[in-house]
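Let me begin by presenting the structure, written as C-alpha cells, before commenting on it.
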Amino acid sequence: MDKIDYCDKIEGKLIDKTVYEQIKKDPTEYIKKTIKIKADKLLKQKKITLAKLNELTSIDELPKIRRQPKLHKTNIPMRILTCSKDTIKSPVSQFR
Numbered sequence: 000m001d002k003i004d005y006c007d008k009i010e011g012k013l014i015d016k017t018v019y020e021q022i023k024k025d026p027t028e029y030i031k032k033t034i035k036i037k038a039d040k041l042l043k044q045k046k047i048t049l050a051k052l053n054e055l056t057s058i059d060e061l062p063k064i065r066r067q068p069k070l071h072k073t074n075i076p077m078r079i080l081t082c083s084k085d086t087i088k089s090p091v092s093q094f095r
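In numbering that gives the first Met the number 0, the protein residues as written are 0 to 95.
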C-alpha cells in the first residue's frame, strides 16, 4: 500500500459523520486553562508541590492518530488508533 492509498483510507474514515464529529474550535487552550486553574487550586491547598504543578501543566501536545491496517482482510480496511502518550491530558490522567 502506498502513501496515497494510506491517506485516502484514513481520510475516508475521519469524514464519517456517524463516527466522528468535526469540532468548530480548537479546544486546546480551554483544556490548558482548565488544567492550570485546577492545578493552581491544588497548589494553594498544599495538596501538590510546585514541581507537580509544573509536571501537570507543562505538556501542550495533542493526541496523534494513526491507522492500523487489517492485513488479514480483503481490501485491507483500516483501524484508527489514537496515541495519547505524552499529550496535554496524559499527566492529569496519571495523577493520583
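Virtual Cβ for every residue (Gly too), placed ideally from N, Cα, C. All of these numbers come straight from a predicted model, not from anything done at the bench.
Exercise for review: Name, in chain order, the residues that DSSP records as bridge partners for lysine 63.
Suggested key: Cys82
Check your understanding: In three-state DSSP terms, what is proline 76?
Key -> coil
Check your understanding: Given serine 89, which residues of its chain have a CB within under 8 Å of its CB, disregarding the five upstream and five downstream residues?
Key -> Ile58 and Ser83
Review point. Roughly how many angstroms lie between the CA atoms of aspartate 4 and isoleucine 75, to the nearest whole one?
Key: 10 Å
Review point. With burial defined as no fewer than 16 other Cβ atoms inside 10 Å of the residue's Cβ, what is the status of leucine 49: buried or exposed?
Key: exposed
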